[in-house]
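Residue numbers (our numbering): 937 to 1241.
Here is the structure:
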């Protein structure tokens, strides 16, 4: 078999569109060509994958190798496709069977030694893979995050050899079982911590019940931020779908721990923040952390420009 197809996931905002990795071996001078609108980090995967395959005691094919990441008009970035590319090369060269690859998706960056490194945005990919009915293979560090997508079969792997041994039948792996490490809910800041301010507390309750916007005005030190930070604790709990969307944003940005994903977060940007810092800017997709949460504060000090 000189043609093998594997599946992975790109990142497009909070979406994770499917990327089909086509690996083809043909006669000719030994070379490796990667097409499909890859960015620099993806083009560099050729060298990572070659070293990982050789250092894992496999044979790197001495033939003309063409790799196509489809759809071609979808930008691809990062090292998240390394594992899918490596499995495609191994399958097209006959070193592992092709058939099992039809029902899985792979996410992971390869070290030169063949170890599999974690990537960002795994939860978005897990939710998309669940809809397609495919199992997801990820680095062990990403397995707990991927398991948040209930009903998805997740395999946690540490080395390229583990994956190859599973598909060749030498050492079958069992699906990952979540330890619930990301499902521990911490208590919200309590409104009882605010002394006095009865009118402001009543305003908070009315805003929470009716889903109204709320603006506090007053001199510094009167408790505006303190009051606002207690609002999530009196709002309704996030639904599972809302919580997963928040967790997916955390996963993509990599700026917050996923341990708080079931909770309604609170953001308090500085009054000197620019418009681009608040809502994103530039040519690439920017992610705002304001999703199912409260965004405040010090509106009067924000520069109108």
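We treat Cβ as the ideally placed atom computed from N, Cα and C, and that holds for glycine.
For residue i and residue j, what's the separation of their Cα atoms in angstroms?
| i | j | result |
| --- | --- | --- |
| residue 1075 | residue 1055 | 8 Å |
| residue 1147 | residue 1167 | 11 Å |
| residue 1197 | residue 1150 | 24 Å |
| residue 947 | residue 1152 | 38 Å |
| residue 1137 | residue 1194 | 30 Å |
| residue 891 | residue 982 | Residue 891 is absent from the model: the chain starts at 937 and stops at 1241. |
| residue 1116 | residue 977 | 33 Å |
| residue 941 | residue 1038 | 7 Å |
| residue 1203 | residue 1102 | 44 Å |
| residue 1184 | residue 979 | 26 Å |
| residue 1164 | residue 1209 | 18 Å |
| residue 1030 | residue 999 | 13 Å |
| residue 1079 | residue 952 | 17 Å |
| residue 1129 | residue 1159 | 11 Å |
| residue 1027 | residue 1051 | 19 Å |
| residue 1213 | residue 1126 | 29 Å |
| residue 1070 | residue 987 | 28 Å |
| residue 1040 | residue 1131 | 55 Å |
| residue 965 | residue 1082 | 41 Å |
| residue 1007 | residue 1035 | 22 Å |
| residue 1107 | residue 1099 | 9 Å |
| residue 1206 | residue 1156 | 14 Å |
| residue 1005 | residue 1216 | 28 Å |
Compare the C-alpha of residue i against each of the options and name the closest.
| i | options | result |
| --- | --- | --- |
| residue 1087 | 943, 1018, 1012 and 1111 | 1111 |
| residue 1145 | 1171, 1047 and 1195 | 1171 |
| residue 1161 | 1177, 1178 and 1140 | 1140 |
| residue 1047 | 1009, 1097 and 1004 | 1097 |
| residue 1021 | 1153, 969 and 1069 | 969 |
| residue 1104 | 975, 994 and 1200 | 994 |
| residue 1002 | 1214, 1018, 1078 and 957 | 957 |
| residue 1090 | 985, 941 and 1042 | 1042 |
| residue 990 | 1095, 1204 and 1007 | 1095 |
| residue 1013 | 1057, 1116, 1202 and 1216 | 1057 |
| residue 1063 | 1188, 1201, 1214 and 1180 | 1180 |
| residue 960 | 950, 951 and 971 | 971 |
| residue 1176 | 1216, 1205, 944 and 1200 | 1200 |
| residue 1109 | 1080, 1082, 1131 and 1073 | 1073 |
| residue 963 | 939, 984, 986 and 943 | 939 |
| residue 1009 | 1092, 1215 and 975 | 975 |
| residue 996 | 985, 1077 and 965 | 985 |
| residue 1265 | 1133, 1173, 1169 and 1143 | Nothing in the structure corresponds to residue 1265, since the chain is present only between 937 and 1241. |
| residue 1249 | 1068, 1156, 1187 and 1005 | No statement about residue 1249 is possible, as the shown extent of the chain runs from 937 to 1241 and does not include it. |
| residue 1066 | 1211, 945 and 1215 | 945 |
| residue 1114 | 1100, 1092 and 1121 | 1092 |
| residue 955 | 992, 949, 1016 and 967 | 1016 |
Return helix, strand or coil for residue i, following the three-state DSSP convention.
| i | result |
| --- | --- |
| residue 1124 | coil |
| residue 1176 | helix |
| residue 892 | An answer regarding residue 892 cannot be provided, because it is not within the stretch 937 to 1241 covered by the chain. |
| residue 1056 | coil |
| residue 1029 | coil |
| residue 952 | coil |
| residue 1066 | helix |
| residue 999 | coil |
| residue 898 | For the chain, the structure presents residues 937 to 1241; residue 898 sits outside this window and is missing. |
| residue 1112 | coil |
| residue 985 | helix |
| residue 1017 | coil |
| residue 1082 | helix |
| residue 1105 | coil |
| residue 980 | coil |
| residue 1099 | helix |
| residue 1023 | helix |
| residue 1221 | For residue 1221, the pLDDT reaches just 47, beneath the cut-off of 50, and the residue's location in the model is therefore unreliable, leaving the point undetermined. |
Look up residue i in the DSSP assignment and give the residues it is bridged to.
| i | result |
| --- | --- |
| residue 1091 | 1073 |
| residue 957 | 942 and 1005 |
| residue 1040 | 1071 |
| residue 1045 | 1053 |
| residue 1012 | 974 |
| residue 962 | 1000 |
Hey, is residue i close to the ligand GDP, as in C-beta under 6 Å from one of its heavy atoms?
| i | result |
| --- | --- |
| residue 965 | In the structure shown, the ligand GDP is absent, as is every other ligand, since no ligand is present at all. |
### Task
Pick out the complete beta strand (DSSP E) segments inside the region 1125-1208, 3 residues or longer, and give them in chain order.
none
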